[in-house]
Amino acid sequence: MNKKLILGLCIAGMLGITACGSQQTSEQSESAVEAATEKEEALNNAKDTVEANLAAEENAEPDIFYDGSEIAPSIDISGCDTFTQIVDKKLSSGMCYTNATIGDADVLLVGSGCYDNMDGNMAAIDSTIFIYDKDGLIKEIGKVTSGGTSYPLAIKDGNLFCASNGWISEVTISNEEIQLVKESWADYSSKDNGEDAFYTYDASTKTKTEIDEDSFWSLYDVLEDAEILNFNKIQ
Numbered sequence: 118m119n120k121k122l123i124l125g126l127c128i129a130g131m132l133g134i135t136a137c138g139s140q141q142t143s144e145q146s147e148s149a150v151e152a153a154t155e156k157e158e159a160l161n162n163a164k165d166t167v168e169a170n171l172a173a174e175e176n177a178e179p180d181i182f183y184d185g186s187e188i189a190p191s192i193d194i195s196g197c198d199t200f201t202q203i204v205d206k207k208l209s210s211g212m213c214y215t216n217a218t219i220g221d222a223d224v225l226l227v228g229s230g231c232y233d234n235m236d237g238n239m240a241a242i243d244s245t246i247f248i249y250d251k252d253g254l255i256k257e258i259g260k261v262t263s264g265g266t267s268y269p270l271a272i273k274d275g276n277l278f279c280a281s282n283g284w285i286s287e288v289t290i291s292n293e294e295i296q297l298v299k300e301s302w303a304d305y306s307s308k309d310n311g312e313d314a315f316y317t318y319d320a321s322t323k324t325k326t327e328i329d330e331d332s333f334w335s336l337y338d339v340l341e342d343a344e345i346l347n348f349n350k351i352q
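Its first residue numbered 118, the sequence shown is counted upward by one per residue in the working numbering.
This is the structure we're talking about:
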């Protein structure tokens, strides 16, 4: 075979191999760039998700400390058209009741029991709350509780206050529902350094704010001017 022809074929083969190698290298580089881009996007998305979850958790509505569903009495009001009928027909000895206006509703509060608050009031720390709905029918809208006899149910500026040593809740009634207005609480286990933390939650803005201990305890001052609900005991 002609030596020039053989040489030409060899050169052509070498050029072909070089071209293939360059193409493979280019494709590998593009794949690496795409993989890196996808990884960066995934990390950014994960970061955004974590930040969104943290923000949601930070401003999430707190536990309903005033929930008295396991404490306040359960009452079957079937056959009752008025609050008076509930009192006369459904309440048993030792239970208690009172009428009040909370928010935009006239309500009947029924407690599991009451005690002499030594201020002229027979106070209670739990109640099942009834209203008349828009059709004039009796409706149970919920149950509330405080954390002990040091914090009887009380009303100020038309709102109901429930409290305990580590929390205080202000609620109202609107649109036939019990609605949280403001809640503040102590968290004795949230700080890594062992210090207590104190928070307040404003339901109108749905914001949770950390406050100092003095500010937290000063929130209880509202109870000094609040009207303690005076209950009637069923004999």
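By construction, the Cβ of each residue, glycine as well, lies at the ideal position given by its N, Cα and C atoms.
Note that the coordinates shown come from a computational prediction; the quantities given were computed from them, not determined experimentally.
Burial state of A163, where buried means 16 or more other Cβ atoms lie within 10 Å: Working through the sequence shown from its first residue, we reach residue 163 at position 46. For A163, the pLDDT reaches just 47, beneath the cut-off of 50, and the residue's location in the model is therefore unreliable, leaving the point undetermined.
How big is the Cα-Cα spacing for G211 and I351? To locate residue 211, count along the sequence shown from 1; it is residue 94. To locate residue 351, count along the sequence shown from 1; it is residue 234. In a straight line, the C-alpha of G211 is about 5 Å away from that of I351.
Where DSSP assigns a beta bridge to E316, which residues make up the other side? For the purposes of this step, residue 316 is identified with residue 199 of the sequence shown, where counting begins at 1. A small fix is needed here, since residue 316 is Tyr in this sequence, not Glu. DSSP lists W302 and E327 as partners of Y316.
What are the start and end residues of the alpha helix (DSSP H) that includes I203? Translated into the one-based positions of the sequence shown, residue 203 becomes position 86. Looking at the DSSP string, the run of the alpha helix (DSSP H) that includes I203 is F200 to K207.
Can you give me the Cβ contacts of L336 inside the same chain, cut-off strictly under 8 Å, excluding the 5 residues immediately before and after it? Counting from one through the sequence shown, the residue named residue 336 turns up at place 219. Answer for L336: I285, S301 and T317, listed in chain order.
Report all residues from its chain with a CB closer than 7 Å to the CB of T245; omit the five preceding and five following residues, and keep chain order. Locating residue 245 in the sequence shown gives position 128, where the first residue counts as 1. Correct list, in chain order: A189, P190, I192, V227, E257 and K260.
Distance check for E341 and E168, CA to CA, integer angstroms please. To locate residue 168, count along the sequence shown from 1; it is residue 51. To locate residue 341, count along the sequence shown from 1; it is residue 224. Because E168 sits at a pLDDT of 45, beneath the cut-off of 50, its placement in the model cannot be relied upon, and the following sentence gives the value as read from the coordinates. Spanning the two alpha carbons is a distance of roughly 41 Å.
So, do the region 268–288 and the region 215–226 have three or more beta carbon pairs nearer to each other than 8 Å? yes
For the candidate residues G230, I203, L254 and G283, whose alpha-carbon lies nearest to that of D180? Indexing the sequence shown from 1 puts residue 180 at position 63. Per the Cα distances, G283.
Taking only the alpha-carbon atoms, compute the straight-line gap between A345 and A271 and give it to the nearest angstrom. Position 228 of the sequence shown, counted from the first residue, corresponds to residue 345. Position 154 of the sequence shown, counted from the first residue, corresponds to residue 271. In the sequence on display, residue 345 carries Ile and not Ala. Rounded to whole angstroms, I345 to A271 spans 4 Å at the Cα level.
Among all the DSSP beta bridges, which residues are the ones paired with E257? Sequence index remark: in the sequence shown, residue 257 carries index 140 (1-based). For E257, which the question treats as bridged, DSSP gives the partners F247.
Just to confirm my understanding: we take Q296, look at its own chain, exclude 5 residues before and 5 after, and list those with CB closer than 6 Å. What are they? Here residue 296 corresponds to residue number 179 of the sequence shown, with the count starting at 1. Correct list, in chain order: T289.
My output table needs one value for S229: the three-state DSSP class, helix, strand or coil. In the sequence shown, residue 229 corresponds to position 112, counting from 1. In the structure shown, S229 sits in coil (DSSP, three-state: anything other than H, G, I, E or B).
With a 10 Å radius around its C-beta and 16 neighbouring C-beta atoms as the bar for buried, classify I134 as buried or exposed. Residue mapping note: residue 134 aligns to position 17 of the sequence shown, counting from 1. Confidence is the limiting factor: at I134 the pLDDT is only 48, short of 50, which leaves the residue's position unreliable and the question unanswerable from this model.
I think D313 touches A320, with their Cβ atoms under 8 Å apart; what is that distance to the nearest whole Å? Locating residue 313 in the sequence shown gives position 196, where the first residue counts as 1. Locating residue 320 in the sequence shown gives position 203, where the first residue counts as 1. About 23 Å; that fails the 8 Å criterion.
Taking the alpha carbon of I194 as the reference point, which residue from S186, L225, S209 and I255 has its own alpha carbon closest? Indexing the sequence shown from 1 puts residue 194 at position 77. Comparing Cα-Cα distances from I194 to each of S186, L225, S209 and I255, the minimum goes to I255.
Identify which residue in D243, S229, M239 and E187 has its Cα closest to the Cα of S263. As a working note, residue 263 is residue 146 in the sequence shown. Of the listed residues, the one whose Cα sits closest to S263 is D243.
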